Each structure stands twice: as structure tokens, then as C-alpha cells.
Amino acid sequence: MNPSEFFGKFTSRYFWGNICAMAIVVVVACAGVKYGLDVYTHHGESISVPDVRRKSFADAQYLLEDAGMQVVVSDTGYVRNLPPDCILEQSPEPGTNVKSGHIIYLIVNASHTPTITVPDVIDNSSLREAMAKLTAMGFKLTQPEYIDGEKDWVYGLTVKGRHVVAGDKVSVNDYITIQVGNGQRDSTEDIDYIDAPEPIHNEDGFEEETGDVDEFHEVTAPEGE
Numbered sequence: 000m001n002p003s004e005f006f007g008k009f010t011s012r013y014f015w016g017n018i019c020a021m022a023i024v025v026v027v028a029c030a031g032v033k034y035g036l037d038v039y040t041h042h043g044e045s046i047s048v049p050d051v052r053r054k055s056f057a058d059a060q061y062l063l064e065d066a067g068m069q070v071v072v073s074d075t076g077y078v079r080n081l082p083p084d085c086i087l088e089q090s091p092e093p094g095t096n097v098k099s100g101h102i103i104y105l106i107v108n109a110s111h112t113p114t115i116t117v118p119d120v121i122d123n124s125s126l127r128e129a130m131a132k133l134t135a136m137g138f139k140l141t142q143p144e145y146i147d148g149e150k151d152w153v154y155g156l157t158v159k160g161r162h163v164v165a166g167d168k169v170s171v172n173d174y175i176t177i178q179v180g181n182g183q184r185d186s187t188e189d190i191d192y193i194d195a196p197e198p199i200h201n202e203d204g205f206e207e208e209t210g211d212v213d214e215f216h217e218v219t220a221p222e223g224e
């Protein structure tokens, strides 16, 4: 191939036609990718999250899904003066701008009062240890009730005047009273006392020593020896 033929190919319509076709394919592909990403990520779309707090779960779910969002219950709580299934909190907060399909996490009011299991603190803990453990678990405590016994030793737990033991379920709204020793012995405890022996006096009026006395007989030697 001579130089004139080689350079002649660059001026042919077939060559430039292929170049233009390739350029158009690249432009269309880039435009298609950008459009697809915009659709997938909802680029430029903004939806304000509605306020569904204090609404029933059914109403909240309808409002959020109708706005193009997804609903997930992330946790439950308990507020006494609110009805069961009432929405306590939501995330993101109301008024936040999100894209379509965004997940809204809800905290729903429980249908019954949560309970906590009583730990094993009776007769194996001091007052300080029992208070620390119970408060850390979420129990509400009253002033301790002092009873006769070893000082600061836990002898029992009561809820509304009823004794509870390890493993019992107690409502988070109830108060626990710790029965703790006041350092005084129980007056009903029976103690066996031993009477001290009365002193024995000899003929001269002196007190004789009491106790075990070895008895012995005087032995005399035979006469004539």
C-alpha cells in the first residue's frame, strides 16, 4: 500500500461513517447510564416525611406507604396513658426530606406493661449491692424496710406488701421495697442459757474449787517394815 492509498482511507465516507456511529453509540450509552442511575436513585426527588406520632400503626402505615415510603417497626415501648399500637417515635423525624422508597423506622406502644425478672439478691447481698443491681436493671425502689437481723443484710423483697423472690416478674411501674437487717438480734430467737454452778464452801467457810478432782486412797506400809 502506497502512501496515497493509506491517507485515502482517512478521507473515505466508510471510515468516517464508522467513527460517527461509534461516537453516537458512546453518547447514547452514557446518556442511558445517567438516566438509569437517576431513576434508580430518585435523583432530584424529595418527599417530606409525614408526622405519624400518636397515630395508630395502621394509620401510620397507610400514610407512609401512600407517600412512597417503607415502614419497619424497630422497637416497642410503653406509655400508660397512650393506647396500644400507638406510634411513640419515628426516624427520620417529621418534615425530613427523603427519596421515594426510604425506610421509616417506628417505635410502637406495647399492649401491656413490660415486666422485669427479679434477680437473686435475697440472703446473699448487702443493701448497697442489691440497690445497685436492681436499679441497673430498671427497678424502682422505695426506702428500705429495716427489720431485726444482721446489719445491712438483705432478707427479702416486697412489692405492694407482697413478698417476691428470684425469678418473679415485676411490672416496671411497680416499686420494690428491700427488707434489710438493722443490726439487732431478733427478739423471738430462742437462746439456751446455762446456769453457773453454785460455789461450794468447806468447813472453814472457804470456797472450794470446783471441777474434776482425782480421788485417791492413802496407802500405808505394813507394820514392822
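The numbers in numbering that gives the first Met the number 0 rise by one with no breaks, and the one at position 217 of the sequence shown is 216.
Even glycine gets a Cβ: it sits at the ideal position worked out from N, Cα and C.
Computed from a predicted structure; not experimentally measured.
On the CB-based measure, 16 or more other CB atoms within 10 Å of its CB, does LEU63 come out buried or exposed? On the sequence shown, position 64 is the one that residue 63 refers to. Under this definition LEU63 is a buried residue.
Nearest neighbour of ILE117, chosen from VAL163, ARG52 and ALA20 [CA to CA]: As a first step, residue 117 must be located in the sequence shown, where it is residue number 118. The amino acid occupying residue 117 in the given sequence is Val; Ile does not appear at that position. Comparing Cα-Cα distances from VAL117 to each of VAL163, ARG52 and ALA20, the minimum goes to VAL163.
Ends of the alpha helix (DSSP H) at GLN60? For the purposes of this step, residue 60 is taken as residue 61 along the sequence shown, with counting starting at 1. GLN60 -> alpha helix (DSSP H) spans 56 to 65.
Taking 8 Å as the threshold, find out whether the region 77 to 96 comes into contact with the region 116 to 134 through three or more Cβ pairs. no
Straight-line CA distance for ILE103 to VAL71? Here residue 103 refers to the residue found at position 104 of the sequence shown. Here residue 71 refers to the residue found at position 72 of the sequence shown. Distance between the alpha carbons of ILE103 and VAL71 is about 6 Å.
Residue nearest to SER99 in terms of C-alpha spacing, selected from THR112, TRP152 and GLY67: For the purposes of this step, residue 99 is identified with residue 100 of the sequence shown, where counting begins at 1. The shortest Cα separation from SER99 among THR112, TRP152 and GLY67 belongs to GLY67.
Where does the unbroken alpha helix (DSSP H) through THR134 begin, and where does it stop? By one-based count along the sequence shown, residue 134 stands at place 135. Element bounds for THR134: 126 to 136.
Go through its chain and collect everything with a Cβ distance to TYR145's Cβ below 7 Å, but skip five positions before and after it. Counting from 1 along the sequence shown, the entry for residue 145 is found at position 146. Once the five neighbours on either side are set aside, the close Cβ partners of TYR145 are VAL179 and ASN181.
Say whether the region 134 to 154 touches the region 79 to 89, bearing in mind that this needs 3 or more beta-carbon pairs closer than 8 Å, one atom from each stretch. Contact between the region 134 to 154 and the region 79 to 89 is absent, because fewer than three Cβ pairs lie under 8 Å.
Using beta-carbon positions only, say whether ASP74 and SER110 come within less than 9 Å of one another. Counting from one through the sequence shown, the residue named residue 74 turns up at place 75. Counting from one through the sequence shown, the residue named residue 110 turns up at place 111. Going by C-beta atoms, ASP74 is not nearer than 9 Å to SER110.
So for ILE121, helix, strand or coil by DSSP? As a first step, residue 121 must be located in the sequence shown, where it is residue number 122. Coil.
Should MET130 be labelled buried (16 or more other beta-carbon atoms within 10 Å of its own) or exposed? The count along the sequence shown starts at 1 and reaches residue 130 at position 131. Answer is buried; the Cβ neighbour count reaches 16.
Report all residues from its chain with a CB closer than 8 Å to the CB of SER186; omit the five preceding and five following residues, and keep chain order. Indexing the sequence shown from 1 puts residue 186 at position 187. Legend: pLDDT at SER186 = 47, less than 50; position of this residue unreliable, no value from coordinates given.
Would you decide whether ASN96 is buried or exposed? Buried here means 16 or more other CB atoms lie within 10 Å of its CB. Residue numbering aside, residue 96 sits at position 97 when the sequence shown is read from its first letter. ASN96 should be labelled exposed.
Take LYS150 and list the residues in its own chain whose beta-carbon comes closer than 8 Å to its own, dropping the five residues that flank it on each side. To locate residue 150, count along the sequence shown from 1; it is residue 151. GLY180, ASN181 and GLY182.
Neighbour-count burial assignment, ILE18, 16 or more Cβ in a 10 Å radius: The residue labelled residue 18 in the question sits at position 19 within the sequence shown. Under this definition ILE18 is an exposed residue.
From VAL158 to ILE115, what does the alpha carbon distance come to, in whole angstroms? The residue given as residue 158 occupies position 159 in the sequence shown. The residue given as residue 115 occupies position 116 in the sequence shown. Cα to Cα, VAL158 sits roughly 13 Å from ILE115.
Can you pull the DSSP bridge partners for TYR174? Indexing the sequence shown from 1 puts residue 174 at position 175. Beta-bridge pairing links TYR174 to LYS139.
Throw me the rounded Cβ distance for the ALA165 and ASP119 pair, which I believe falls under 8 Å. In the sequence shown, the residue the question calls residue 165 occupies position 166. In the sequence shown, the residue the question calls residue 119 occupies position 120. Rounded, the Cβ-Cβ distance is 4 Å, consistent with contact.
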